[in-house]
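Note sheet for the following structure.
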Amino acid sequence: MPTPSPTTQTPSQRVVVESIGSARPALAGLLASQLGLPANQVANALYKAPSVLLEALPQEHACGLATILQQAGLAVRVEPNSVPRPAAAATFDIALYVTEVADLPACCERLARFLGCLPAAVLGLLSSPPGVIIGDVSAATCAALQQQLADLSVELVCSRRDEARYQLLIERAPGPQLDSLLHDLRQLGIALDPANDQPQGTLNHTNAQQLWRRHQAGGGLRLLDTAFLRYDLSLEAVDANSQTERLPELAGLPAALIDCVLENLPVVVEEGVAHPALPARLQAWQAAGMPVRPQVASLRRCRLRVPAGSRLGPALSLLQQSGLLPPDSALPRLPWQSPVLHGELLPRWLQHNFEQLDIPVEWQELDHEQH
Numbered sequence: 001m002p003t004p005s006p007t008t009q010t011p012s013q014r015v016v017v018e019s020i021g022s023a024r025p026a027l028a029g030l031l032a033s034q035l036g037l038p039a040n041q042v043a044n045a046l047y048k049a050p051s052v053l054l055e056a057l058p059q060e061h062a063c064g065l066a067t068i069l070q071q072a073g074l075a076v077r078v079e080p081n082s083v084p085r086p087a088a089a090a091t092f093d094i095a096l097y098v099t100e101v102a103d104l105p106a107c108c109e110r111l112a113r114f115l116g117c118l119p120a121a122v123l124g125l126l127s128s129p130p131g132v133i134i135g136d137v138s139a140a141t142c143a144a145l146q147q148q149l150a151d152l153s154v155e156l157v158c159s160r161r162d163e164a165r166y167q168l169l170i171e172r173a174p175g176p177q178l179d180s181l182l183h184d185l186r187q188l189g190i191a192l193d194p195a196n197d198q199p200q201g202t203l204n205h206t207n208a209q210q211l212w213r214r215h216q217a218g219g220g221l222r223l224l225d226t227a228f229l230r231y232d233l234s235l236e237a238v239d240a241n242s243q244t245e246r247l248p249e250l251a252g253l254p255a256a257l258i259d260c261v262l263e264n265l266p267v268v269v270e271e272g273v274a275h276p277a278l279p280a281r282l283q284a285w286q287a288a289g290m291p292v293r294p295q296v297a298s299l300r301r302c303r304l305r306v307p308a309g310s311r312l313g314p315a316l317s318l319l320q321q322s323g324l325l326p327p328d329s330a331l332p333r334l335p336w337q338s339p340v341l342h343g344e345l346l347p348r349w350l351q352h353n354f355e356q357l358d359i360p361v362e363w364q365e366l367d368h369e370q371h
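Quick note: the sequence shown uses the working numbering, first residue 1, plus one each step.
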C-alpha cells in the first residue's frame, strides 16, 4: 500500500477572522483582489468577525496566510475544517457621541483611518444626527473601534439590531401616502400622539425596516434608533419644595452659580443625557423637587448668526471645515447666518471654537416648521 502524502495526512484547514483589530479598511479590497473573492464577502468576514475567510486549505497555506494577515493587523486563527464553523454573530449599529468637542478633530482623524475615508466625511457622519458611523458589524468590530478611541472623550454606543427599538418621525403632508403609512402603523398597533401627530411607541428592527422600505420613497420620514438619542434637561421653574441646594450635585455646577441659574430660568441643567440613562435622571430631579423637561438634543435645528462688526476672518477656515462655506470661499458680508444645522454636535463644536477665537455669535433655535 502506498504511503499517504503529507497533504492527505493533514486535515484541510480554514482561516477564521476573529477581529479586524488594527487593520486598515483598504485591506478588504486588497485581499479580495489577491484571493479572487468578492469584495463584499471579504468585508463581511472582517467586520462581522468571527467569520470564515477561507477554508479547505492545506495547513501550510493556511498558516502562511494567517501570518500575513496578522502582520496587517487582523486577529485570525487557523482551525481544521472538521470543527464547527463559527456561529453567525449578532450585528450592531454604532453611533458616536463626542463628550468633549475639543477632541472632535482627533476623533475624525482616527475614524477616517478605521473607516477608510476622509476626515471631512467622518465629520459629516458625526454631525448628521444621531451620529451613526458604521452599521451591521459584529461585537468584535465594536471592541476594535473602542480600542482605537480609548483615550478620547467620546462615548461609543453599540446597538444590537435584534434588540433595538426605533422611533419613526413623520413630516409628511396629508394625502394618500400619509394615509397608507398611518394604516400600516395602525396594523402594528401604533397610533399617533394627538399632541404632536407623531407615532406613540417604538418599532423593532424587522417592522422598522419593512415600514422604511415600503414608505421611504414618499419622503418626510426619519427612522432613529432610540439607543442613539441624546437629551438636554431643562429646569423651567422651582417652588418652596425645591431642594435648590442640590443643584451642584445634580447639574455638576459650582455652588456659586445657584443664584444665577435660578434668576435665569428656564435653563438647561444637563446636556447630552443618553436614552438609557434618561429615566434615572428624570427621577433624580423629581426627587429633589425640581422636575425637568427633556428635549431631544439629537433633533435640534438651529442657525448660526454672526452679527455686524464681528471679526470673522480668523474663523474662515473653521466655517469652511464645517461645511458652512465652500472650501475656496471668501469672507461673507456681515451680518451673516448659516444654513440650518441639524443635531447638537456641530453647534457645540462651532461654539467652542468661536469662544476660543473670542468671536461673539448668536444661535437661532428653530422648530420643525421653520426652514
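Don't be surprised by glycine CBs; every beta carbon is placed ideally from N, CA and C.
Between the segment 307-318 and the segment 242-256, do at least 3 Cβ pairs fall closer than 8 Å? no
State the CB to CB distance for the pair Ile-20 and Ala-121, rounded to an integer number of angstroms; the pair is presumed to be in contact (CB under 8 Å). Not confirmed; about 19 Å, so no contact.
I need the straight-line Cα distance from Arg-222 to Ala-139, nearest angstrom please. 26 Å
If we require 4 or more residues per run, which alpha helix (DSSP H) segments fall completely within the segment 79-157? 104-115, 119-126, 139-148
Between which residues of its own chain and Glu-365 is the CB-CB distance below 8 Å, once the five residues before and five after are set aside? Arg-300, Arg-301, Cys-302
Same chain, Cβ closer than 7 Å to Pro-291, neighbours up to 5 away in sequence not counted: Trp-285
Relative to the C-alpha of Pro-339, which residue among Gln-41, Glu-355, Ser-322 is closest? Ser-322
DSSP-derived helix/strand/coil call for Gly-272: strand
What does the Cβ neighbour count give for Asn-353, buried or exposed, with the cut at 16 atoms within 10 Å? buried
How is the alpha helix (DSSP H) around Ser-213 delimited, first residue to last? Here residue 213 turns out to be Arg, not Ser, going by the sequence shown. From DSSP, the alpha helix (DSSP H) with Arg-213 extends over 205-215.
Contact under 9 Å by Cβ, Gln-320 with Leu-229: no
Hey, how far is the Cα of Glu-355 from the Cα of Gln-71? 45 Å
Counting C-beta neighbours from all protein chains within 10 Å, is the total for Cys-142 16 or more, i.e. buried, or is it exposed? buried
Between the Cα of Gln-210 and those of Leu-181, Glu-236, Cys-260, spot the shortest distance and give me the residue it belongs to. Leu-181
C-alpha distance - Glu-109 paired with Tyr-97, whole-angstrom precision: 15 Å
Using 10 angstroms around the beta-carbon of His-275, count the other beta-carbons present and answer buried if the total reaches 16, otherwise exposed. buried
I need the DSSP call for Arg-161, collapsed to helix, strand or coil. helix
Proximity below 9 Å, CB of Leu-69 to CB of Leu-53: yes
Would you tell me roughly how many angstroms separate the C-alpha atoms of Arg-213 and Leu-178, rounded to the nearest one? 15 Å
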